[in-house]
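Taking it in order: structure first as structure tokens, then the write-up.
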Amino acid sequence: MATQGETCPSSGHELNNDAFRIKAAQILSQLESDADEHHAGPQRSWVKGEILRPIPTQDAPQYTQSDNSSKRSKSFDQNGFILVKNFVGEREVADMKEQMETLADTQWDPLKKTVAFRTDEKQIDTQGSDDYFLESASRVHYFAENDALNEDGSLKEEYKSNKTGALNKAVT
Numbered sequence: 001m002a003t004q005g006e007t008c009p010s011s012g013h014e015l016n017n018d019a020f021r022i023k024a025a026q027i028l029s030q031l032e033s034d035a036d037e038h039h040a041g042p043q044r045s046w047v048k049g050e051i052l053r054p055i056p057t058q059d060a061p062q063y064t065q066s067d068n069s070s071k072r073s074k075s076f077d078q079n080g081f082i083l084v085k086n087f088v089g090e091r092e093v094a095d096m097k098e099q100m101e102t103l104a105d106t107q108w109d110p111l112k113k114t115v116a117f118r119t120d121e122k123q124i125d126t127q128g129s130d131d132y133f134l135e136s137a138s139r140v141h142y143f144a145e146n147d148a149l150n151e152d153g154s155l156k157e158e159y160k161s162n163k164t165g166a167l168n169k170a171v172t
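With UniProt numbering, letter number 64 in the sequence shown gets 64, and the count goes up by one each step, no holes.
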């Protein structure tokens, strides 16, 4: 975990987990609020890519705003993820992080196959041109942060001793 005063090796920015958590909570709260509001005009499903329109039918029950599963479904459809608060306890989170570090240290060889998970304009080129991304649905695969890789795709020196940091800057 980042401590007060620690800096990111690649960007030089100060790392502060409390600041990350506060900002993440604000963003998630806004996304949940946006999913609850009725927006003018059609909305597109993040998952299916279809225009979302309420079409009342006898077979499709209409949910009220108080229906949590409907809110979660709508939020997932619009944003591509949902937040389930208190899904696991602190011990389980620590165990998952420890297991993730063990897997990264023992199974991931950045020299063999290193792929960056992208969400920018190069996403389709990167994830759409290789089965590695699709195969990750059923097996553990490793995707580095873009900032953790050199131009040639190799892992930057500052991440070699902390592979977990190269995989996900949010958990380091």
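Backbone N, C-alpha and C fix where the C-beta goes; we use that ideal spot for every residue, glycine too.
Given the structure is predicted, the values throughout are model-derived calculations rather than measurements.
- Taking C-beta separations shorter than 8 Å and ignoring five residues to either side along the sequence, E157 has no partners in its chain.
- Residue burial is scored here from C-beta neighbours: K85 has fewer than 16 other C-beta atoms within 10 angstroms and is therefore classed as exposed.
- Distance from the CA atom of W108 to the CA atom of E145, rounded to whole angstroms, is 14 Å.
- Around the Cβ of S138, a 10 Å sphere holds fewer than 16 other Cβ atoms; the residue is exposed.
- Distance from the CA atom of E32 to the CA atom of A25, rounded to whole angstroms, is 10 Å.
- Your pair D130 and V115 checks out as a contact, with CB atoms roughly 7 Å apart and the cut at 8 Å.
- Taken in chain order, the complete alpha helix (DSSP H) segments of 4 or more residues contained in the stretch 94-134 are 123-128.
- Between the C-alpha atoms of I22 and I82 there is a straight-line separation of about 17 Å.
- Per the DSSP secondary-structure output, F81 pairs with nothing in a beta bridge.
- The beta carbon of E135 sits closer than 7 Å to the beta carbons of H141 from its chain, once the five residues preceding and following it are set aside; these are given in chain order.
- Looking from the CA of D34, the closest CA among S75, T102, E90, F20 belongs to S75.
- The criterion of a C-beta distance shorter than 8 Å is not satisfied by P110 and S73.
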